[in-house]
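Worksheet for the structure shown next.
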Ligand SMILES: [Zn+2]
């Protein structure tokens, strides 16, 4: 089969105004949001709240462009597979550039060419199993003839996949996004909360180590201040001191909600809806980006 994209695949944030879907999110988009700006669509020029745009993309039921691809955590790769009459076709997504350790979120196959009423082949599998188990990287198909079939039919392939992150601080966020993408909404809550707790502790540790020994700082953050107090007032005070923009209310409020939800899920196994899991993922993404953008904090200039 022939791959038609770059090995890394692509991600895209759909514009909710013009429906274009080829503008990936950048760190600059988050920086502009935290500084009070609006996201501007490079195609239609519409200005939108990045917070609302990302929440809409994550909550969208778009199967070809799921939220994980929209926010850049997962990628899409395309290719073409040729089905031939009476021949086994092997689809190895590695040929599309999908890394061996990637988790496949979805594979979509569409026969192309010829008219609706022309004979062609469609991909058929002889053994079928639909479970939450990971989708294998190698899939086998036979060309099943429709309307008399044809000797060969091109089938376009789209594969959405998530590769493991190389950044240990991103692992909890990636886990939350992966759980949400698999429909495991309850399993998304704790890693979403941990993603921000972990990064926040890392930023505060780097800051306070300027003033106290490592052991004293670790004890302070683990036993002296809860996550709630770390988030408010410790973080605003520290960020104000270094000239970073304030964490916007919609993000801070949703992070407080996430903390409460995390406790209810962890201690009472409370149920989680898709909307709540989407809120959790978006709050974690913005919370993480805020901390990643403005911390670890720059060392103060010497007097
Ligand atoms: Zn647009």
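Numbering (the numbering used here), first residue to last: 37 to 339. The beta-carbon is built from N, C-alpha and C at its ideal position, and this holds for glycine as well. All figures in this text were calculated on a predicted structure; none of them were measured in a lab.
ask   = Going along the chain, which unbroken runs of the alpha helix (DSSP H) with 4 or more residues stay wholly within the stretch 284 to 319?
value = Restricting attention to alpha helix (DSSP H) runs no shorter than 4 residues, the stretch 284 to 319 encloses them at 285 to 304, ordered along the chain.
message = Once the 5 residues before and after residue 48 are set aside, which same chain residues still bring their CB inside 6 Å of it?
response = 57, 58, 60
query = Taking the beta strand (DSSP E) that residue 178 falls in, what are its first and last residues?
reply = Counted as a single uninterrupted DSSP element, the beta strand (DSSP E) harbouring residue 178 occupies residues 174 to 182.
key: DSSP-derived helix/strand/coil call for residue 42   = Any reading at residue 42 needs caution, since the residue's pLDDT is 47, under 50, leaving its predicted position unreliable; the model's value is listed next. In the three-state DSSP reduction, residue 42 falls in the coil class, being neither helix nor strand.
inquiry  = If I measure Cβ to Cβ from residue 144 and keep anything under 6 Å in the same chain, skipping five residues before and after, which residues do I get?
reply    = 194
message = Taking 7 Å as the threshold (C-beta atoms), are residue 121 and residue 179 in contact?
response = yes
ask   = Per DSSP, which one or two residues make a beta bridge with residue 279?
value = DSSP, once it has assigned bridges, lists no residue as partnering residue 279.
ask   = Is residue 57 near ligand 1, judged by its Cβ being under 6 Å from some heavy atom?
value = It does not: the Cβ of residue 57 is nowhere closer than 6 Å to a heavy atom of ligand 1.
ask   = To the nearest whole angstrom, what separates the beta carbons of residue 200 and residue 212, a pair I think is in contact under 8 Å?
value = With a Cβ gap of about 14 Å, residue 200 and residue 212 do not count as contacting.
Distance cut-off 6 Å: residue 51 Cβ against heavy atoms of ligand 1 = yes
task = Look at residue 224 and residue 216 and say whether their C-beta atoms are less than 7 Å apart.
result = yes
request  = Give the secondary structure of residue 140 by DSSP, where H, G and I count as helix, E and B as strand, and everything else as coil.
outcome  = strand
task = Please look up how many angstroms separate the CB atoms of residue 142 and residue 196, rounded, as I've assumed it's under 8 Å.
result = 5 Å
inquiry  = Using only the alpha-carbon positions, how far apart do residue 295 and residue 301 sit?
reply    = 10 Å
query = Would the stretch 117 to 131 and the stretch 100 to 107 be scored as touching if the rule is three or more Cβ pairs under 8 Å?
reply = no
ask   = Using the rule of at least 16 other Cβ atoms within 10 Å of the residue's Cβ for burial, across every protein chain shown, is residue 161 buried or exposed?
value = exposed
request  = May I have the straight-line CA-CA distance separating residue 312 from residue 306, to the nearest angstrom?
outcome  = 12 Å
request  = Name the two residues that bound the continuous beta strand (DSSP E) containing residue 159.
outcome  = 156 to 160
Where residue 216 falls: helix, strand or coil (DSSP) = helix
request  = Starting from residue 102, follow its DSSP beta bridges and name the residues at the other end.
outcome  = Partner(s): none; residue 102 has no beta bridge.
request  = Can you have a look at residue 285 and say buried or exposed, based on whether 16 or more other CB atoms are within 10 angstroms of its CB?
outcome  = Exposed is the call here.
ask   = Should residue 152 be labelled buried (16 or more other beta-carbon atoms within 10 Å of its own) or exposed?
value = exposed
ask   = By DSSP, does residue 272 sit in helix, in strand, or in coil?
value = helix
inquiry  = Given this structure, state the Cα-to-Cα distance separating residue 232 from residue 328, to the nearest angstrom.
reply    = 10 Å
ask   = Within 6 Å: the Cβ of residue 195 and any heavy atom of ligand 1?
value = No - ligand 1 has no heavy atom lying nearer than 6 Å to the Cβ of residue 195.
Whole-Å CB distance - residue 66 paired with residue 325, under 8 Å assumed = 4 Å
request  = State buried or exposed for residue 290, treating a residue as buried only when at least 16 other CB atoms are found within 10 Å of its CB.
outcome  = Classification of residue 290: buried, given that the 10 Å Cβ count is 16 or more.
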